[in-house]
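Novice: As numbered in numbering that gives the first Met the number 0, residues 0 to 318 make up the sequence shown, in order.
Note that beta-carbon positions come from the ideal geometry of N, C-alpha and C, so glycine has one too.
Small disclaimer: the values here were computed from a predicted structure and weren't measured.
One structure follows; several queries about it will come next.
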Amino acid sequence: MPLPKAELHLHIEGTLEPELAFELAARNGVELPYADTDELRKAYQFEDLQSFLNLYYELMAVLRTEQDFADLADAYLARAAAQGVRHAEIFFDPQAHIARGLTMGTVVEGLWRALGRSEENHGVSTKLILCFLRDESADSALETLEAARPYLDRITGIGLDSAEVGHPPVKFREVYEAAAGLGLRRVAHAGEEGPPAYITEALDVLGVERIDHGLRCMEDPELVERLVRERIPLTLCPLSNVRLRAVDVLADHPLPAMLDAGLLCTVNSDDPAYFGGYVADNYHAVRDALGLTREQMRELARNSFRASFLEDDEERRAR
Ligand code: HPA
Ligand code: ZN
């Protein structure tokens with residue numbers, strides 16, 4: 000039996016497996032520039048975050064209808080359940096879909112067809128987190144939040160993703176303030192490729208409650224102390240870090256040092272269709288490469304519930 004766990008850093012668009020991409024392409028009459036799934040898989044060689052994002056945005060072209068988003072989410076939830084996930088807080092990137100002519104409604108209603116039945120179908124509770132693309136403008140983020148207003152009963156929080164360097168958190172101060180005013184929870188990717196200062200800024204300027212990735216905090220001992228003191232969770236994604244070359248090899252991953260420092264670390268899959276594994280695969284990979292003990296594995300699973308946005312009673316039920 001896999002350890003019961005929560006997944007807190009998962010981009011739903013990053014769960015698009017090559018087989019489903021081709022199935023949706025055929026269903027929607029979308030031409031993909033790859034002959035078959037093998038050829039597509041061969042394109043999964045990334046130099047850095049941007050080289051991954053290029054393919055990630057390209058493949059989204061196959062997602063056209065509510066049913067496509069429902070099928071995508073349902074496939075993820077089935078896989079996640081098999082890996083011990085009892086609760087998933089799921090990112091989605093509406094701007095990437097709206098730019099292709101879709102509406103916020105198509106995306107949210109589609110995802111909800113799967114999420115709304117996930118507890119009965121898969122035994123997985125869910126929450127939805129709307130991410131802004133940080134390489135788009137601050138005005139575009141504000142428009143996106145406005146477009147989400149009719150769906151806020153289905154959206155728990157906001158996040159910030161896409162190309163990090165050159166797009167500091169402060170760019171999104173206004174939309175984070177507006178979201179806080181609407182009662183939304185706040186997270187942001189920071190310190191994946193960007194400097195430790197982006198982590199500090201996400202906390203101080205955006206008021207985030209969790210940091211996605213946060214790996215580079217280890218370059219700043221004072222920041223580490225603060226993250227420990229304030230019990231700020233970090234949603235780490237070890238296989239992603241190797242594939243996007245944030246670390247050279249898994250054996251070099253700072254996770255053990257981060258746990259030793261007292262940081263509230265969680266392990267997640269990020270974009271599992273692209274990075275070679277779902278969440279339990281990430282747990283097993285760090286255990287094997289870094290020699291984590293059974294107790295450390297349990298600590299990671301416990302942390303995942305603690306760091307979640309579940310209320311206490313929901314958390315008891317999920318575990
Ligand atoms: N980092 C930033 N943006 C992303 C990622 C990531 O790992 N995955 C999908 N969008
Ligand atoms: Zn991510």
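1. Given this structure, state the Cα-to-Cα distance separating H283 from A179, to the nearest angstrom.
2. Going by the beta-carbon positions, is the gap between P237 and V266 smaller than 8 angstroms?
3. Does L181 pass the burial test, meaning 16 or more other C-beta atoms within 10 Å, or should it be called exposed?
4. Heavy atom of the ligand HPA less than 7 angstroms from the Cβ of H188, yes or no?
5. Nearer than 7 angstroms: is that true of the beta carbon of G10 relative to any heavy atom of the ligand ZN?
6. Does the beta carbon of D247 fall short of 7 angstroms from some heavy atom of the ligand ZN?
7. Could you give the C-beta distance for L2 and R297, rounded to a whole number, given that I count them as a contact under 8 angstroms?
8. The alpha helix (DSSP H) spanning F91 covers which residue range?
9. Which residue from L202, L235, R230 and G193 puts its Cα closest to that of E218?
10. Rounding to the nearest angstrom, what Cα-Cα distance links L144 and R78 in this structure?
11. Between P255 and L235, what straight-line distance do the alpha-carbon atoms span, to the nearest angstrom?
12. From the DSSP secondary-structure annotation, give me the bridge partner or partners of P232.
13. So, with DSSP's three-state summary, where would you put S124?
14. With DSSP as the reference, please indicate the residues paired to D160 in a beta bridge.
15. Taking the beta carbon of M0 as the centre, do at least 16 other beta carbons fall within 10 Å, making it buried, or is it exposed?
16. Could you tell me the distance, in whole angstroms, from the CA atom of L258 to the CA atom of C264?
17. Should E88 be counted as a contact of the ligand NAD given a C-beta to heavy atom distance under 7 angstroms?
18. Between R230 and the rest of its own chain, which residues show a CB-CB distance below 6 angstroms, the 5 nearest in sequence each way excluded?
19. First and last residue of the alpha helix (DSSP H) that includes V241?
20. What is the C-beta distance between A42 and L23, in whole angstroms, given that I count them as a contact (C-beta under 8 angstroms)?
21. Are the region 160-177 and the region 118-128 touching, with three or more C-beta to C-beta distances below 8 angstroms?
Specialist: Taking the definition as stated:
1. 36 angstroms
2. yes
3. exposed
4. yes
5. The question names Gly, but residue 10 is His in the sequence shown. Checking every heavy atom of the ligand ZN against the Cβ of H10, one is found closer than 7 angstroms.
6. no
7. 7 angstroms
8. Premise fails: F91 lies in the beta strand (DSSP E), V84 to F91, not in any alpha helix (DSSP H).
9. G193
10. 30 angstroms
11. 12 angstroms
12. L263
13. strand
14. L132
15. exposed
16. 7 angstroms
17. Absent from the structure shown: the ligand NAD. Ligands present: the ligand HPA and the ligand ZN.
18. L263
19. P237 to R242
20. The Cβ separation is near 17 angstroms, so there is no contact.
21. no
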